[in-house]
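Some notes on the structure that comes next.
Protein chains: 4
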Amino acid sequence: MASGEVVTAGEAGTGFPIQSISKVFALDMALSSEGDELFKRVGREPSGDSFNSIIDLERTSGLPRNPFVNAGALVVVDILVEKLADDWQASAVAEEIRERAGLARIGADDDVLASEHEGGDLNRAMMSFMRHHGNLHSDPDEVMEAYVHQCAIVLDCCGLAKAGIPFSRTRRSPDDEAADARARRRRRVLALMMTCGHYDGSGDFAMRVGLPAKSGVGGGILAIVPDVASIAVWSPNLDQHGNSILGVRALEMLCDRTGWSVFGPPLVSAAA
Amino acid sequence: MASGEVVTAGEAGTGFPIQSISKVFALDMALSSEGDELFKRVGREPSGDSFNSIIDLERTSGLPRNPFVNAGALVVVDILVEKLADDWQASAVAEEIRERAGLARIGADDDVLASEHEGGDLNRAMMSFMRHHGNLHSDPDEVMEAYVHQCAIVLDCCGLAKAGIPFSRTRRSPDDEAADARARRRRRVLALMMTCGHYDGSGDFAMRVGLPAKSGVGGGILAIVPDVASIAVWSPNLDQHGNSILGVRALEMLCDRTGWSVFGPPLVSAAA
Amino acid sequence: MASGEVVTAGEAGTGFPIQSISKVFALDMALSSEGDELFKRVGREPSGDSFNSIIDLERTSGLPRNPFVNAGALVVVDILVEKLADDWQASAVAEEIRERAGLARIGADDDVLASEHEGGDLNRAMMSFMRHHGNLHSDPDEVMEAYVHQCAIVLDCCGLAKAGIPFSRTRRSPDDEAADARARRRRRVLALMMTCGHYDGSGDFAMRVGLPAKSGVGGGILAIVPDVASIAVWSPNLDQHGNSILGVRALEMLCDRTGWSVFGPPLVSAAA
Amino acid sequence: MASGEVVTAGEAGTGFPIQSISKVFALDMALSSEGDELFKRVGREPSGDSFNSIIDLERTSGLPRNPFVNAGALVVVDILVEKLADDWQASAVAEEIRERAGLARIGADDDVLASEHEGGDLNRAMMSFMRHHGNLHSDPDEVMEAYVHQCAIVLDCCGLAKAGIPFSRTRRSPDDEAADARARRRRRVLALMMTCGHYDGSGDFAMRVGLPAKSGVGGGILAIVPDVASIAVWSPNLDQHGNSILGVRALEMLCDRTGWSVFGPPLVSAAA
Numbered sequence: 184m185a186s187g188e189v190v191t192a193g194e195a196g197t198g199f200p201i202q203s204i205s206k207v208f209a210l211d212m213a214l215s216s217e218g219d220e221l222f223k224r225v226g227r228e229p230s231g232d233s234f235n236s237i238i239d240l241e242r243t244s245g246l247p248r249n250p251f252v253n254a255g256a257l258v259v260v261d262i263l264v265e266k267l268a269d270d271w272q273a274s275a276v277a278e279e280i281r282e283r284a285g286l287a288r289i290g291a292d293d294d295v296l297a298s299e300h301e302g303g304d305l306n307r308a309m310m311s312f313m314r315h316h317g318n319l320h321s322d323p324d325e326v327m328e329a330y331v332h333q334c335a336i337v338l339d340c341c342g343l344a345k346a347g348i349p350f351s352r353t354r355r356s357p358d359d360e361a362a363d364a365r366a367r368r369r370r371r372v373l374a375l376m377m378t379c380g381h382y383d384g385s386g387d388f389a390m391r392v393g394l395p396a397k398s399g400v401g402g403g404i405l406a407i408v409p410d411v412a413s414i415a416v417w418s419p420n421l422d423q424h425g426n427s428i429l430g431v432r433a434l435e436m437l438c439d440r441t442g443w444s445v446f447g448p449p450l451v452s453a454a455a
Numbered sequence: 184m185a186s187g188e189v190v191t192a193g194e195a196g197t198g199f200p201i202q203s204i205s206k207v208f209a210l211d212m213a214l215s216s217e218g219d220e221l222f223k224r225v226g227r228e229p230s231g232d233s234f235n236s237i238i239d240l241e242r243t244s245g246l247p248r249n250p251f252v253n254a255g256a257l258v259v260v261d262i263l264v265e266k267l268a269d270d271w272q273a274s275a276v277a278e279e280i281r282e283r284a285g286l287a288r289i290g291a292d293d294d295v296l297a298s299e300h301e302g303g304d305l306n307r308a309m310m311s312f313m314r315h316h317g318n319l320h321s322d323p324d325e326v327m328e329a330y331v332h333q334c335a336i337v338l339d340c341c342g343l344a345k346a347g348i349p350f351s352r353t354r355r356s357p358d359d360e361a362a363d364a365r366a367r368r369r370r371r372v373l374a375l376m377m378t379c380g381h382y383d384g385s386g387d388f389a390m391r392v393g394l395p396a397k398s399g400v401g402g403g404i405l406a407i408v409p410d411v412a413s414i415a416v417w418s419p420n421l422d423q424h425g426n427s428i429l430g431v432r433a434l435e436m437l438c439d440r441t442g443w444s445v446f447g448p449p450l451v452s453a454a455a
Numbered sequence: 184m185a186s187g188e189v190v191t192a193g194e195a196g197t198g199f200p201i202q203s204i205s206k207v208f209a210l211d212m213a214l215s216s217e218g219d220e221l222f223k224r225v226g227r228e229p230s231g232d233s234f235n236s237i238i239d240l241e242r243t244s245g246l247p248r249n250p251f252v253n254a255g256a257l258v259v260v261d262i263l264v265e266k267l268a269d270d271w272q273a274s275a276v277a278e279e280i281r282e283r284a285g286l287a288r289i290g291a292d293d294d295v296l297a298s299e300h301e302g303g304d305l306n307r308a309m310m311s312f313m314r315h316h317g318n319l320h321s322d323p324d325e326v327m328e329a330y331v332h333q334c335a336i337v338l339d340c341c342g343l344a345k346a347g348i349p350f351s352r353t354r355r356s357p358d359d360e361a362a363d364a365r366a367r368r369r370r371r372v373l374a375l376m377m378t379c380g381h382y383d384g385s386g387d388f389a390m391r392v393g394l395p396a397k398s399g400v401g402g403g404i405l406a407i408v409p410d411v412a413s414i415a416v417w418s419p420n421l422d423q424h425g426n427s428i429l430g431v432r433a434l435e436m437l438c439d440r441t442g443w444s445v446f447g448p449p450l451v452s453a454a455a
Numbered sequence: 184m185a186s187g188e189v190v191t192a193g194e195a196g197t198g199f200p201i202q203s204i205s206k207v208f209a210l211d212m213a214l215s216s217e218g219d220e221l222f223k224r225v226g227r228e229p230s231g232d233s234f235n236s237i238i239d240l241e242r243t244s245g246l247p248r249n250p251f252v253n254a255g256a257l258v259v260v261d262i263l264v265e266k267l268a269d270d271w272q273a274s275a276v277a278e279e280i281r282e283r284a285g286l287a288r289i290g291a292d293d294d295v296l297a298s299e300h301e302g303g304d305l306n307r308a309m310m311s312f313m314r315h316h317g318n319l320h321s322d323p324d325e326v327m328e329a330y331v332h333q334c335a336i337v338l339d340c341c342g343l344a345k346a347g348i349p350f351s352r353t354r355r356s357p358d359d360e361a362a363d364a365r366a367r368r369r370r371r372v373l374a375l376m377m378t379c380g381h382y383d384g385s386g387d388f389a390m391r392v393g394l395p396a397k398s399g400v401g402g403g404i405l406a407i408v409p410d411v412a413s414i415a416v417w418s419p420n421l422d423q424h425g426n427s428i429l430g431v432r433a434l435e436m437l438c439d440r441t442g443w444s445v446f447g448p449p450l451v452s453a454a455a
């Protein structure tokens, strides 16, 4: 909650790999250093296709549809590698998340780290394809290592919700230029979460839940109630699009009861 | 404004054909009679393709991606034709809009009415294709006539903004079931406007403007600030996606100055 | 056989609707009147897609890939309708086939004639789509009637093989301009049968059988051994591409034993 | 000519990189060791798409459409690498071609060898994608080296025509099992050249020339007149599909004058 209050239920202390939810944090870092230049290398439109489709890449000559499909997230990592240069390390995103969550240390999931060999070929295919089109600048191995590292980050719902709090701070600050720029950047990230955060299930999620959110195949979802709260849910069973079935359902019920939705004001009783 | 105040600038009294903006009203009517059953016949996901692409239809076996691509809007009309049966008339959507706008009468654009012959073949192709897949029940000629009729509706910005006001009334009403259901339905419509309202430019619009909105190739855009305002802009020059270039820019500037965005609270000065 | 000899086995006297095999005769008629101008309105490349895919049409802006996919065959009919004008009648192709087969009369399959309503919508979708792109000139209903009529033509294997004999007469005639032009046109038709005659199973058929041929969903196949023979086989069970399973197998065995293949000389024993 | 006679015109002694023409020889080698098992890993259908499209690969889950699109040729090389194992060397295909052409030595084009870095990424993308689907077994770097090596092979028209002679020897040998199997295998290769040899220009080539042939982006084309001749032409200007413009035209004129076409007997005067 914006008030600082933490409300939990269920296995809020069980860790899980945040997987694609990490893409939101990586995007925020890249946007903060690159600004809108970033959108010359990655689109901002929902894709009609699956999160790991390579067809879209051929249609758009190597420009990923948005920063949340795999190809787009790889370009975001590539931008970070290039920007941070000598200061770059594969754990940069993990470090940022650790700080936002206020944790002393942050773990990584061994299975995800090891999965590079399985899922790795598809991501490598997309990197080679984008490299062919001049849209991948760094060493693919380095990008791959960083990408896998950020997907493997382990958090529990408490930690994830805390790490997401900055995204809920979207109140404009007309008298503080830096703070105002930050608020506007976060609104942009939320807009992308709203239109692209659940792959080809984003439209359904927006209709049912009405909040900007990002899912990961680890079963977690981070949802933001602007100016109000940061919510994390987790349940490992996934639907056909790769989104947590019970996670979406829980958010749908929560939002129905509280009235939380960007498309209207909260229920008065809930805000009380 | 929710306050009932009307603020205008420029040619707010010049009429233009609302074209695809009519799809929002038709959807609201169909949803109010069909409920979520409607989504068995039309999807709710943004399409990666153009608004008149027939490729998507083959991939999904005749199920349009969402109610705002042409194929989806045709199915919505088909549903209305079927539902209203004997009470149906091609002017049903125009009549609804006329009432919402509080107008004594509402006009139609002759060029749009005549355009049936040009654009008509493509829409007929999609209708035949959906009919092949069992997703068009009424006589295609009847659906076509109603569709063209609703696209041809002429409003000025004042009238369009007024007609949109009900969409801004999304405050939940726990003590009034019918009113609550209406508020929830409108939130759903707003969610679809947010993710699909600007065709394959929806992601960009969400990021730049941050409001649910629907554009038409007549150059108009209807944008909703939930619980606050209904905004109509118009300028005929279109970008590659079929959205008004200056219309989007105007909304972007307005929202930047007022802080209006579903992703954060309005600027205090603007709200004052 | 070029010798005039007729060799039969099995149910050679049982009639079946020739369906898409009629497209070869219609193409020959259109080519004979239009010449290569025809290829401005229909391509000559194998399609990677199914015979009734509408996706290809969107990719090529309404130009069908080849004269044997449904959309291409409809354009061929459209060309005949336009060319023959007042002399046109829906039975023109049937009449041509009747003459080639040396029959007194030729029948039509009632089920196929009635099927217009089922398969009709998909073909209508393609016609509307091509009309939108200016590639269908006549009344769609007239084209449709003629198309269904030619698909419904009933022949037995004897009749079909006889009707195909002219296609086997590809010997050039340097001293007779008209005959030479005819031989060259037939070679072009055979080339199209070779690369496109079995839809997305054409490559497999070419490899297994090695002869230009055209299949129909009625289970028939017409295969041509240039300068040697015209072969008709029939068996109703179809594979996933719409080609007769046993028909292809029979041709494969026949060609293996005789050495008949355009990719090499026949076995001497077979030629004896 | 089958007679052993060599007929030349123009720059028949100028070398050029044979590029994709090498795929025919590699396929012949792989087919001779693998037989039809090969077609479990690569299709045999013409593709409606470009020779380096990755879209087809996603549609078919990593099974290339045919052995002549780049992805298919890479799988063929992969099969050779795996089959020959310890005996494998990157020059295996070059060595085979050198022998068939009766040359003491065979050169390689430096530019093509160096091009691995440019075109390399796209081929690497396809290899990673196929690896993801279990359809690439060897080390991609090894496959890539061999593939580039075979593309870089330099021959003049004389050498290429000679190397192609075995493909024209398709006369069946009922009394010699090994020879008969060889003839049948070559007929299969010719069938693939006919339906897939000129990428998405194969249908046009079949209609205009009427011979099985394979083109390369080096401007060369190898055409086979079964049982009669092996023809090589070269001219560097390419059409949109990557086929030599003048090379195709030369073959078209030659075949028109000689009557050479698999779709009919040669002109008598030409055979004299």
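Protein chains in written order, with the numbering used here: chain F, 184 to 455; chain B, 184 to 455; chain A, 184 to 455; chain U, 184 to 455.
Just so you know, even glycine gets a beta-carbon here, dropped at the ideal spot from N, CA and C.
Residue burial classification, residue i (beta-carbon count within 10 angstroms, cutoff 16)
i      : result
R440/F : exposed
A454/A : Low per-residue confidence applies at A454/A: pLDDT is 43, beneath 50, and the placement is therefore not dependable, though the value from the model is reported in the following sentence. That one is exposed.
P148/A : No information on residue 148/A is available, as it lies outside the stretch 184 to 455 that chain A covers here.
E241/A : buried
E228/B : buried
G402/F : buried
R355/B : buried
A415/A : buried
P323/F : buried
A389/A : buried
Interface flag, residue i vs chain B, CB-CB below 8 Å
i      : result
E241/A : yes
A455/F : Because the pLDDT at A455/F is just 40, under 50, the model does not fix this residue reliably, and the value given afterwards should be weighed accordingly. Judged by the 8 Å Cβ criterion, A455/F is not in contact with chain B.
T204/A : Checking the displayed sequence, the identity of residue 204/A turns out to be Ile instead of Thr. It does not: the Cβ of I204/A has no partner Cβ on chain B nearer than 8 Å.
R149/F : Lying before the first or after the last residue shown, residue 149/F is absent from chain F, which here runs from 184 to 455.
I237/A : yes
Test: residue i CB closer than 8 Å to a CB of chain F
i      : result
A308/U : yes
Contact with chain U by residue i, beta-carbon distance below 8 Å
i      : result
R314/F : yes
L286/F : no
Pair within 8 Å by beta-carbon distance, residue i and residue j
i      : j      : result
A284/F : A209/F : no
L257/U : V372/U : no
V276/U : Q202/U : no
G380/A : S351/A : no
L319/F : I262/F : no
V207/F : L421/F : no
P250/B : V259/B : yes
Contacts of residue i in chain C (Cβ-Cβ under 9 Å)
i      : result
S230/B : This model lacks chain C altogether; the protein chains it does include are F, B, A and U.
(message) For the region 244-257 of chain B, list every residue whose C-beta sits within 8 Å of some C-beta in chain F, in sequence order.
(response) R248, N249
(request) Could you name the residues of the region 373-384 of chain F whose beta carbon sits closer than 8 Å to any beta carbon of chain U, in the order they occur along the chain? (result) none
(message) Counting only Cβ-Cβ distances shorter than 7 Å, please list the residues of the region 416-450 of chain U near chain A, keeping chain order.
(response) Residues are counted here when their Cβ sits less than 7 Å from a Cβ of chain A; for the region 416-450 of chain U these are G442, S444, V445, F446, G447, P448, L450, given in chain order.
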